[in-house]
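J.: Structure in structure tokens, see below.
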Amino acid sequence: MNSSTTIASILLAAILTNNMVLSKFLGICPFLGVSKKTGTAFSMSVAVTLVMVVSTAVTYPIYTYILYPEYTYLETIVFILVIAAIVQLIEIVLKKYIKPIYNALGIYLPLITTNCAVLGITMLNITNELSFVQSLFNALGAGLGFMLAMLLFSGVREKMETADIPEFLKGLPITLVAAAIVSLSFLGFAGIGG
Amino acid sequence: MKNKYLGYFTNGLIKENPVLRLVLGTCPTLAITTAAINGIGMGLSATMVLVCSNLAISLLRNIIPDKVRIPAYITIIAGFVSVVQMLVKAFLPSVDSALGIYLPLIVVNCIILARAEMFASKNSVLPSVLDGLGMGIGFTAVLTLMGMIREFLGAGSLFGITVTANHISPMIIFLLPPGGFFVFGMLVAASNAIAKKNGKKAVEHLGCESCPSRAACEKITENKEESSNEQ
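Residue numbers (this note's numbering), protein chains in the order written: chain X, 1 to 194; chain S, 1 to 231.
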């Protein structure tokens, strides 16, 4: 298998079969909390994708060249601090230099520090022993998969606002049941991209 | 006096159960409850982190400057998570492999940060520890219950002991992701029904009231309302 097909399969796997939200249950809070409108769902997932790729680009070399092999037990604490710092940095840089993007994404950034999807993807890259380039594409795929799940689910929720829902399921329970059905549809992708 | 301390402890068990009433820590609740024993492992690990971090944060509550409190809390929590992670790896390798990446992810479990922000940073040491213990046990109880339901329906066994698997073929869907969402939805519906019967409000949203990133999230919601008004 040459490298381009591997990268394609990593992307496909990260977007569809190993979808961050629907099969790994990472990033459930934004998935359920910020998915009421398609517009906000889209901006949130763009911000998440950006942070995921940048954090992977920074944490991977830190792990490979500094922590490995002696200090691997510091992985958790180093990664979370690095991600927190990166989110702050991205916020400052965007605010100073790319104002339009800051205006669109800035309010989402503080939410992302404690988003388990970001810490999760940086750790999964290490656990799955991917190379640096593979890790970057895995992070990109995970972000795109998050976006796909958010967009699909926000569409479902916009429909649900006008639906006639049984009294006992109103509110959070029906949201979770709807998520179950969306997640069911992703089971159909099992096997793609290996 | 004694009752007051008991109250701190029992608060997290039912009245403010972190999973069903505050709706925090949804990710691990959905992810690892494919077997009852995983629920216990995850719950107890989180309890230990919760008690230790509440203790440390409550001791340091007058020293940590307000502006950098969230990074400070995260660092403290991450330290304890690393300790628990190493202990589990050393003494319970089977639990470690079952929980996998979700064990280090306790760092970003919002129950822990939420209790640090809502409780430990405002209360003295003993109440904070009791609150952490109560919340942790409430978390463990719900995880174990959900693990039992999913294991029973999805694998026909309980705590690894075969119950109905030989007679009725198990519904594997309950072990897969959709089953997790569905069972959790039903549990929240059931807990809402019980809460309503006792004259309490049903849980309609995610745990926004006790979420540490509530302020940031509310900004988004406000913006959303403004933009919908424009349309």
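By construction, the Cβ of each residue, glycine as well, lies at the ideal position given by its N, Cα and C atoms.
#1: Does any residue of chain S have a CB that is nearer than 8 Å to the CB of Gly188 of chain X?
#2: Using three-state DSSP, classify Thr232 of chain S as helix, strand or coil.
#3: So with CB distances below 8 Å, who are the chain S contacts of Asn115 of chain X?
#4: Taking C-alpha atoms, which residue in S:Thr164, S:Ile172, S:Ile37 lies nearest to Gly154 of chain S?
#5: In its own chain, which residues sit with a C-beta less than 8 Å from the C-beta of Gly106 of chain X, not counting the 5 before and 5 after it?
#6: What are the start and end residues of each continuous alpha helix (DSSP H) run of 4 or more residues lying completely inside the segment 17-56 of chain X, in chain order?
#7: In this structure, does DSSP put Ile92 of chain X in helix, strand or coil?
#8: First and last residue of the alpha helix (DSSP H) that includes Tyr73 of chain S?
#9: At the level of alpha carbons, what is the spacing between Ala35 of chain S and Val95 of chain S?
#10: Would you report the Cα separation of Ala90 of chain S and Pro104 of chain S, rounded to the nearest angstrom?
#11: Enumerated in chain order, which unbroken segments of the alpha helix (DSSP H) with a length of 4 residues or greater are wholly contained in the segment 85-132 of chain X?
#12: Does the beta-carbon distance from Phe80 of chain S to Ile111 of chain S come in below 8 Å?
#13: Using the Cβ count rule (16 or more neighbours within 10 Å means buried), how would you classify Ile66 of chain X?
#14: Taking C-beta to C-beta, are Val51 of chain X and Val118 of chain X nearer than 8 Å?
#15: Shortest alpha-carbon distance to Ala190 of chain S belongs to which of X:Val182, X:Leu184, X:Glu167, X:Leu187?
#16: With a threshold of 8 Å on Cβ separation, who are the neighbours of Leu92 of chain S within its own chain once the five nearest residues in sequence on each side are excluded?
#17: Short check: CB of Ala78 of chain S to CB of Thr76 of chain X, under 8 Å?
#18: How should Glu129 of chain X be labelled, buried or exposed, when 16 other C-beta atoms within 10 angstroms of its C-beta is the threshold for buried?
#19: For the segment 76-92 of chain X, enumerate the residues whose C-beta is nearer than 8 Å to any C-beta of chain S, in chain order.
#20: Report the residue from X:Gly27, X:Ala85, X:Tyr60, X:Leu136 whose alpha carbon sits nearest the alpha carbon of Asn115 of chain X.
#21: With a CB to CB cut of under 6 Å and the five nearest residues on each side skipped, what residues in its chain are close to Ile64 of chain S?
#22: Measure the C-alpha to C-alpha separation of Ile168 of chain S and Gly156 of chain S and round it to an integer number of angstroms.
#23: Our contact map puts Asn19 of chain X next to Gly143 of chain X with C-beta atoms below 8 Å; I'd like the distance itself, whole angstroms only.
#24: Kindly list the residues whose CB is nearer than 6 Å to the CB of Tyr63 of chain X, restricted to its own chain and excluding five residues on each side of it in sequence; keep chain order.
#25: Does any CB atom of chain S fall closer than 8 Å to the CB of Gly171 of chain X?
#26: Terminal residues of the continuous alpha helix (DSSP H) containing Asn192 of chain S?
#27: Taking C-alpha atoms, which residue in S:Asn54, S:Val203, S:Val83 lies nearest to Asn123 of chain S?
#28: Specify the secondary structure class of Thr26 of chain S as computed by DSSP and reduced to three states.
#29: Identify whether Ile161 of chain S lies in helix, strand or coil by the three-state DSSP scheme.
#30: What three-state label does DSSP hand Arg150 of chain S in the structure shown?
#31: I need the DSSP call for Phe137 of chain X, collapsed to helix, strand or coil.
#32: Quick one: is Thr56 of chain X buried, meaning 16 or more other Cβ sit within 10 Å of its Cβ, or exposed?
#33: Between the segment 154-184 of chain S and chain X, which residues of the former have CB atoms less than 9 Å from a CB of the latter, in chain order?
#34: Assign Leu151 of chain X to one of three DSSP states: helix, strand, or coil.
#35: Please classify Asp164 of chain X: does DSSP put it in a helix, a strand, or coil?
#36: Go to Leu172 of chain X, then tell me how far its alpha helix (DSSP H) extends in each direction, as first and last residue.
T.: To lay it out plainly:
#1: no
#2: Residue numbering for chain S in the displayed model covers 1 to 231; residue 232 of chain S lies beyond these limits and cannot be assessed.
#3: By Cβ distance, chain S contributes Val108.
#4: Relative to Gly154 of chain S, the option among S:Thr164, S:Ile172, S:Ile37 whose CA is nearest is S:Ile172.
#5: Glu91, Leu94, Lys95
#6: 28-33
#7: helix
#8: Boundaries of the alpha helix (DSSP H) harbouring Tyr73 of chain S: 69-91, taken from the DSSP string.
#9: Those two C-alpha atoms are separated by around 11 Å.
#10: 15 Å
#11: The segment 85-132 of chain X contains these whole alpha helix (DSSP H) runs: 99-105, 109-112, 116-127.
#12: no
#13: exposed
#14: Remark: C-beta atoms of Val51 of chain X and Val118 of chain X approach each other more closely than 8 Å.
#15: X:Glu167
#16: Gly41
#17: yes
#18: exposed
#19: Of all residues in the segment 76-92 of chain X, Thr76, Ile77, Ile80, Leu81, Ala84 have a Cβ within less than 8 Å of some Cβ in chain S.
#20: X:Gly27
#21: Ala72
#22: Going from the Cα of Ile168 of chain S to the Cα of Gly156 of chain S covers about 8 Å.
#23: At roughly 11 Å, the Cβ-Cβ gap does not stay under 8 Å, so Asn19 of chain X and Gly143 of chain X are not in contact.
#24: Ile126
#25: yes
#26: Taken as a continuous stretch (DSSP letters only), the alpha helix (DSSP H) holding Asn192 of chain S covers 177-197.
#27: Residue S:Asn54 is the option with its Cα nearest to Asn123 of chain S.
#28: helix
#29: Of the three classes helix, strand and coil, the one that applies to Ile161 of chain S here is strand, per DSSP.
#30: helix
#31: helix
#32: buried
#33: Ile173, Leu176, Pro177, Pro178, Gly179, Gly180, Phe181, Phe182, Val183, Phe184
#34: Three-state result, Leu151 of chain X: helix.
#35: coil
#36: 172-187
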